[in-house]
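Chemist:
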Amino acid sequence: MNKKMICIVCPVGCHLEIDENNIVTGNNCPRGEAYAIKEVTAPTRVLTSTVRTISKKTPRLSVKTKEAVPKEKIFDIMKLLDDILIKKDLMVGDVIIKNVLNTNVDIIATKNLKI
Numbered sequence: 779m780n781k782k783m784i785c786i787v788c789p790v791g792c793h794l795e796i797d798e799n800n801i802v803t804g805n806n807c808p809r810g811e812a813y814a815i816k817e818v819t820a821p822t823r824v825l826t827s828t829v830r831t832i833s834k835k836t837p838r839l840s841v842k843t844k845e846a847v848p849k850e851k852i853f854d855i856m857k858l859l860d861d862i863l864i865k866k867d868l869m870v871g872d873v874i875i876k877n878v879l880n881t882n883v884d885i886i887a888t889k890n891l892k893i
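Written out as structure tokens, the structure is:
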């Protein structure tokens, strides 16, 4: 059975179709083909979320994965983030969780925090 998707690599938004042999059609460039194959064989996402802080001014701090993580680990990472409480000043890019769930990807702050 063929899978249909819209490519998100560039603003064109090609309508792709990939078959069971990973043959891609509908792409206007090689990046679309690579995107479709990766999306079917090993999908990844950059996760954005927030964590709690002790700051009255900023009770939630925005965070994200520094790189894309396997899609199947998203909910487990979100559970970890529920238990985080930031108690110190942070700068954009500071690591909140190093190597989250052994993905070799860090969770980082996306905003400065002054407690």
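Residues 779 to 893 (the numbering used here) make up the sequence shown, in order. We treat Cβ as the ideally placed atom computed from N, Cα and C, and that holds for glycine.
So, are the CB atoms of residue 870 and residue 885 less than 9 Å apart?
Modeler: On the sequence shown, residue 870 is found 92 positions in, with the first residue counted as 1. On the sequence shown, residue 885 is found 107 positions in, with the first residue counted as 1. It is not a contact, given that the beta carbons lie outside the stated cut-off.
Chemist: What are the boundary residues of the beta strand (DSSP E) that residue 856 is part of?
Modeler: For the purposes of this step, residue 856 is identified with residue 78 of the sequence shown, where counting begins at 1. Taken as a continuous stretch (DSSP letters only), residue 856 belongs to no beta strand (DSSP E), being part of the alpha helix (DSSP H) at 852-860.
Chemist: Nearest to residue 826 by CA position, among 810, 811, 853 and 818, is which residue?
Modeler: Within the sequence shown, residue 826 is the residue found at index 48, counting from 1. The shortest Cα separation from residue 826 among 810, 811, 853 and 818 belongs to 853.
Chemist: Please name the residue, chosen from 889, 839 and 805, that lies closest to residue 789 on a Cα-to-Cα basis.
Modeler: Position 11 of the sequence shown, counted from the start, is the residue given in the question as residue 789. Closest by alpha carbon: 805.
Chemist: Just the Cα atoms here: how many angstroms apart are residue 890 and residue 797?
Modeler: For the purposes of this step, residue 890 is taken as the residue at position 112 of the sequence shown. For the purposes of this step, residue 797 is taken as the residue at position 19 of the sequence shown. One C-alpha to the other measures close to 45 Å.
Chemist: Per DSSP, which residues does residue 796 bridge with? Please list them.
Modeler: Against the sequence shown, residue 796 aligns to sequence position 18. Paired residues: 781 and 802.
Chemist: At a cut of 8 Å, does the segment 843-860 reach the segment 812-824 through at least three beta carbon pairs?
Modeler: The answer is yes - the segment 812-824 touches the segment 843-860, with three or more Cβ pairs under 8 Å.
Chemist: In chain order, which beta strand (DSSP E) runs of at least 3 residues are fully inside the segment 818-888?
Modeler: Those beta strand (DSSP E) runs which fall completely within the segment 818-888 and span 3+ residues are 826-831, 838-843, 873-875 and 885-887.
Chemist: As a quick exercise: from 880, 838 and 792, pick the residue whose alpha carbon is nearest that of residue 861.
Modeler: The residue labelled residue 861 in the question sits at position 83 within the sequence shown. The shortest Cα separation from residue 861 among 880, 838 and 792 belongs to 838.
Chemist: Do residue 883 and residue 859 count as a contact pair if the criterion is CB distance below 9 Å?
Modeler: By 1-based counting over the sequence shown, the position of residue 859 is 81. By 1-based counting over the sequence shown, the position of residue 883 is 105. No, the Cβ-Cβ distance between residue 859 and residue 883 is not below 9 Å.
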